[in-house]
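Participant: Protein chains in written order, with full-length UniProt numbering: chain V, 1 to 610; chain B, 1 to 618. C-beta: ideal position from N, C-alpha, C; glycine also. Before I ask anything, let me first share the structure, which is written out below as structure tokens.
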Amino acid sequence: MDQLSDEEVEIREEEEEEEEDSDKEDQDLDKMFGAWLGELDKLTQSLDDGRSERPPQEKPPLRQETNIANFSYRFSMYNINEALNQRENVDLDALMADLCSIEQELSTINAKPNSSGSMARLGITDTKVRTIIPLVAGSGTIRAPAGQHGRPALASNFSLDDITAQLEKRVRGGQLEADPRFSELWSLSSVSSVCSCDSHRFTGTLSFFFKHSYLDRETSLILRNIAGKPSHLLTKEEQAAKLKAENIRVALEKIKEAQVKKLVIRVHLSDESSKTMMVDERQTVRQVLDSLLEKSHCGYSADWSLVETISELQMERIFEDHENLVENLLNWTRDSQNRLMFTERIEKYALFKNPQNYLLGRKETCEMAERNKEALLEECFGGSSVSVPEMEGVLWLKEDGKKSWKKRYFLLRASGIYYVPKGKAKASRDLACFLQLDHVNVYLGQDYKSKYKAPTDYCMVLKHPQIQKKSQYIKYLCCDDVRTLQQWINSIRIAKYGKQLYINFQEAMRRSEAAYDWSSLSSSSIKSGSSSSSLPESQSNHSSQSDSGVSEMTSSGHTRSQSVVSSIFSDAWRRGTQGEVRSCSHSVFLPSSVCLCSAFAHVSPLLSYQ
Amino acid sequence: TKEPQTITGPPMSNYLIKQDWSDHALWWEQKQRWLLRTAWTLEKYGIHADAKLVFMPQHKPLRLGLPNGITLRLRVCFSNPVFQTVMGICRMLNIRHPEELSLLRPMEEKKKKKDKNLAPEIYDLTEVPLSSVSRPCLYNGMPAHFADSPEMEAIYKMLSVTQPPPAPEVIAKQYRPASVVDKAHINGRWLDSSRCLLQQGIQENDKLWLRFKYYSTYDMDPKYDAVRLTQLYEQARWAILLEDIDCTEEEMMLFGALQYHISKVAQSEPQIMSNNPAMDDLDSALQSLEVKMEGEGSSASDLLENMTAPELTDYLKIFRPKRLTLKGYKQYWFKFQDTSISYFKSKEESIGEPIQMINLKGCEVAPDVNVAAQKFLIRLLIPAPEGMNEVYLRCENEQQYAQWMAGCRLASKGKTLADSSFQSEIQSIRSFLAMQKTNSSSSSANASEESINTHSLVSPRYHKKYKPKQLTPRILDAYQNVAQLSLTDALMRFLQIWQALPDFGLSYVVVRFKGSRKDEVLGIAPNRLIRIDLSVGDVVKTWRYNNMKQWNVNWDIRQMAIEFEGNVNIAFSCVTADCKIVHEFIGGYIFMSTRSREKSETLNEELFHKLTGGHEAL
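Pasting the structure below:
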């Protein structure tokens, strides 16, 4: 029961936060959205024509705050606080640059003509900006302790300049430490909210407005009727309706643009230092990595990774390049000690550098010629569906709530992880589903031998990304050796992300090659092959007949391969008929230098060597 | 001679075809050989005076069973290698990439007495002039010869639109391979691609099956591959239903859900043959903008009402199983807003603070429904930093359930009730509930189109394991994730999941390895060969074509020898299939992999024969 009341308090907090946002009026804000309002105005006129207009006051205040509330609540302030407390240089310059650009954005919006009348009529009210600006401005009195928020006193017209100037002053002057409450409030999220909430909030209301009421009934009916009709057959009326729809779509797109949230994050480097930077909520991990690489001037390699470490659970995960960074970071709790690391990790793409160790289900590591690797990767990822490596074997499973581990026979399938129930055979239909992969991520457990009495330290963890504390919904698996562990983790990644993983890798390689080209240009060194490391090796290994690389093989045409094939076959035939004892034997020869794999790459026509 | 005096004679065109001898050729029965080279002398062919030659048409009618169970009667070539015969059939049926298909001798039909009156209908295509097939040009999205008459159009529709789910009895009656050996026997029935039908003992009007033989689908484009995609789906569906390929229970439920969805969408949306991408764009743009307004009146007040976000409010009962309370379900006033639900003590208090607000974004939603027992439960598993919170919402009736369930489903994906898919989500939930209702109501054979027996969607194993109404919630559960797919997407998804099964693409043959004393099974996959221990069923060894250097067929002792890189040599004789069939499988897969990414329509027939043909071919 205690638990319940706790939760209620928490939620009430959140609610209150919303309340204080929602029922205030601010005329100034109208200015910001003038650009769209002109359009809106026209639209609503058609709506309102001939109809009794309801006074705007009667409309309930529109709220679209849930996301923002979560947003500012969930994100960890720990990292920033830590940075501030360490009196480090928080890379304020970079931050300032980011903020300035945002200010510019805002000021251009401000400059647009306003039409406050329509705004009021639409009932769009927005106070978020004002509530947060004071928080950032740092007057500690504005915000009462959690649970009993007072209404912040409203200072009007804060400009971002003022804010940032104050910020800078305070941080430099060390005033932040003097006021603990403030240091908490000076959260990255509130800063980012300053930049985003206004437009975001506006969007919330506005886009909803668009979806539901911008078209009067007739127009929508017309639109429905003309869907699929060629444009020259439309009547004037219909064309007008279409035009209207088109205009609205453009407006919606603009709004989507403006909805972008920004977030200040702290990234830890391997040398214990850290960087603070601002990320856009749309940015993928790849994009953030690229900008980090650009800023940090470290040599480009595909292995650079953003790693999430959850210290409380002693686990970590390399973010995949296609993932959205902000979305993932929002899973952290407010007081989270999680870290975001920027380091080189060879295991990130080891799967693609030595696919033979992961995709073939072999027990022992081995070497493979580069061109065979490429063929293998194409075979696995090039088709319409990705084949998940056949992973199966005995793993240790940690029992819920206990520090004991039990052996089970697990199998990986595209549809999830299964185990063989007691007394059953391995037949597919008898397998019991252990987990489906849609909702969980795979993490690497650290030092579980001592933490959970695991049989070995080679542990992986499966959990919903939002879970941040110990829970029965976290599943712990332990492997006998590191090789098995890496095979499982990578196979699960394949099952979960499929072809996307390969696309990520190719993209990373492309960039590292481009980066190499740049550096080689600037240093005027000779391109010796580090960017295309895969090719020369394969050539030396297979020097026999062709000294053309893979690229040439792919470019050679179909017609050519045909004639080559026939020559092979005549060769084969000759061999078969010549000295052989067998009277009617038919052989198909595939000389080693060819390696059929090229045929299986689905890229190059078979046997296009010579 | 008879004068054609009456008007009831055959139509003129028919008459003319009969007069046309150009399709006729000589068949040398004794040597099982066509004499197609008209420039050759009889002597060159080695024909003596006592030889019996038959003068007959090269194209004759054949009954052809398609993957979807339909039987066609069409004229096919009996004189060219089967590979070309299949090409001709595929051209007529508008199936691209005929190299992936082949002809299979059907199973012997045992219960002839019983099923006599149930003889399947045969759709006749023998009237299609062969000349018109050679150049496929499309009218209304179908080959010209199908656009001739409504009857022909109907046949084409049958080829290109998925069949409704079969009755459970039909599934149960079908032959189901019980073991790997059974499956291996089926592969002994493939016809030899390098020889003609007549040489393989196929007679006029015999029945053969057209099937996808090589599980290496190349360049599938739903726009051009309506028949191909449909037939491949049907073959996959039957493979699942008859347990030709093994899958887990979860996968079976997903396959069931997809079949249900596909059959439903296929029935409701008559296929639009001409897809104009520009129009599609406009459609979707308009659709996303379209307003869903309810209610008849369009008065200003109604309109303003609609201006607020669609709100869902009602009295529901909530239960939290994880809490250590004995309270059970408690009733509150619930309010759905954006992606959150909040609840209040009563409607009157809903202006104030809610007791709790739950954001459903990213949560798992599972149904727990029993229409007969009037149980409508929504199970929510809501992620939180501390773990997952379990919350059950209990609805009073179907209508309420469908709305709240749809709301929860959308919210879990981060969409609000304002999303355009809200109404369709409600609809699909309701139709699924209706299905459960008809199932549970009684055994009365109510053949309304809405009612699909869930037993039609799963293999007979699950008929025994679950009653239809037990299956419904499980399929419904899987159905949620696919309910919004378009027909084509659903078909593709079905194929993808099928292709991702571990045993996908394996064709089995019982073989005896050199030096071994027992029979073993060789599995031939698109990229590898596997050796399976018959007694245990385990994979003993895998060889990939990547590493293959050469293979030999010794036609005298019917043995195959394959050499892999690293001095790995294997040799085996084939037990359940002719070694030509195994040889053709391996060579065929290598041929399939030579097809380049650049989509060229020309088929390198010569290469195929080189890789798969016997010694005669060279």
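Can you find the residues in the same chain that come closer than 6 Å, C-beta to C-beta, to V:V288, ignoring five residues on each side of it along the sequence?
Facilitator: Within the same chain, and ignoring the five residues on either side of V:V288 in sequence, the residues whose Cβ sits closer than 6 Å to its Cβ are V279 and L325.
Participant: Mind checking which residues open and close the alpha helix (DSSP H) that includes B:A384?
Facilitator: Run containing B:A384: none in the alpha helix (DSSP H); it sits in the beta strand (DSSP E), K375 to A384.
Participant: Is V:R345 closer than 7 Å to V:D400 when the C-beta atoms are compared?
Facilitator: no
Participant: For the segment 473-486 of chain B and the segment 240-260 of chain B, state whether three or more C-beta atom pairs, one from each stretch, are separated by less than 8 Å.
Facilitator: Yes: at least three Cβ pairs fall under 8 Å.
Participant: Could you have a look at B:A51 and say whether DSSP puts it in helix, strand or coil?
Facilitator: coil
Participant: Chain V beta carbons: is any one of them nearer than 7 Å to that of B:S424?
Facilitator: no
Participant: What does the alpha-carbon distance come out to for the pair B:F432 and B:V458?
Facilitator: 16 Å
Participant: Find out if the Cβ-Cβ distance for the pair B:R105, B:R189 is shorter than 7 Å.
Facilitator: yes
Participant: If the cut is a Cβ gap below 7 Å, which residues of chain V does B:Q374 touch?
Facilitator: At a C-beta separation below 7 Å, B:Q374 has no neighbours in chain V, since its nearest C-beta there lies roughly 29 Å away.
Participant: In terms of residue numbering, what span does the beta strand (DSSP E) encompassing V:Q436 cover?
Facilitator: Segment: none, V:Q436 is in no beta strand (DSSP E) and carries neither H nor E.
Participant: Using the beta-carbon count (16 or more within 10 Å), is B:A373 buried or exposed?
Facilitator: exposed
Participant: Indicate the three-state DSSP secondary structure (helix, strand or coil) for B:P460 in the structure shown.
Facilitator: Three-state DSSP puts B:P460 in a helix.
Participant: Could you work out which residue in V:R371, V:C478, V:E374 and V:A514 is closest to V:W405 when comparing CA atoms only?
Facilitator: V:C478
Participant: Cβ of B:G352 less than 7 Å from any chain V Cβ?
Facilitator: no
Participant: Roughly how many whole angstroms lie between the Cα atoms of B:E99 and V:Y497?
Facilitator: 32 Å
Participant: Just how far apart, CA to CA, sit V:E312 and V:L329?
Facilitator: 16 Å
Participant: Give the interface partners of V:N372 over in chain B, defined as CB-CB distance under 8 Å, in chain order.
Facilitator: N546
Participant: Run the CB neighbour count on B:L208, radius 10 Å, all protein chains shown included, and call it buried at 16 or more, exposed below.
Facilitator: B:L208 is classed as buried because its beta carbon has at least 16 other beta carbons within 10 Å across all chains shown.
Participant: If we ignore side chains and look at the alpha-carbon of each, how far apart do V:S273 and V:Y300 end up?
Facilitator: 19 Å
Participant: Name, please, each residue of chain V whose Cβ falls closer than 9 Å to the Cβ of B:M220.
Facilitator: S384
Participant: What are the uninterrupted segments assigned as alpha helix (DSSP H) that are 4 or more residues long and contained completely in the segment 543-604 of chain B, given in chain order?
Facilitator: DSSP runs (the alpha helix (DSSP H)) wholly in the segment 543-604 of chain B: 579-594.
Participant: Going straight from the alpha carbon of V:I467 to that of B:Q496, what length do you get?
Facilitator: 31 Å
Participant: So for V:R201, helix, strand or coil by DSSP?
Facilitator: The predicted model places V:R201 with a pLDDT of 33, which falls under 50 and marks its position as unreliable; any figure quoted below should be read in that light. Correct three-state label for V:R201: helix.
Participant: Using 10 angstroms around the beta-carbon of B:Y462, count the other beta-carbons present and answer buried if the total reaches 16, otherwise exposed.
Facilitator: buried
Participant: Any beta carbon from chain V within less than 7 Å of B:E251's own beta carbon?
Facilitator: It does: the Cβ of B:E251 has a partner Cβ on chain V nearer than 7 Å.
Participant: For the candidate residues B:K345, B:R430 and B:D221, whose alpha-carbon lies nearest to that of B:D489?
Facilitator: For B:D489, the closest C-alpha among the options B:K345, B:R430 and B:D221 is that of B:D221.
Participant: Got a sec: is the Cβ-Cβ distance from V:I492 to anything in chain B below 7 Å?
Facilitator: The beta carbon of V:I492 sits no closer than 7 Å to any beta carbon of chain B.
Participant: Where do the ends of the beta strand (DSSP E) carrying B:W28 lie?
Facilitator: H24 to W28
Participant: Whole angstroms is fine: what's the gap from B:G523's alpha carbon to B:F336's?
Facilitator: 54 Å
Participant: Could you have a look at V:Y419 and say whether DSSP puts it in helix, strand or coil?
Facilitator: strand
Participant: Would you say V:M341 and V:H268 are within 7 Å of each other, going by their C-beta atoms?
Facilitator: Going by C-beta atoms, V:M341 is nearer than 7 Å to V:H268.
Participant: Within 10 Å of its beta-carbon, does V:R510 have 16 or more other beta-carbons around it, so buried, or fewer, so exposed?
Facilitator: exposed
Participant: Determine whether the Cβ of V:K275 lies closer than 7 Å to any Cβ atom of chain B.
Facilitator: V:K275 does not count as touching chain B.
Participant: Can you check whether the CB of V:L411 is closer than 7 Å to the CB of V:C380?
Facilitator: no
Participant: On the CB-based measure, 16 or more other CB atoms within 10 Å of its CB, does B:Y139 come out buried or exposed?
Facilitator: exposed
Participant: Leaving out five residues on either side along the sequence, give the residues of the same chain with a beta carbon under 7 Å from the beta carbon of B:L93.
Facilitator: L159 and V227
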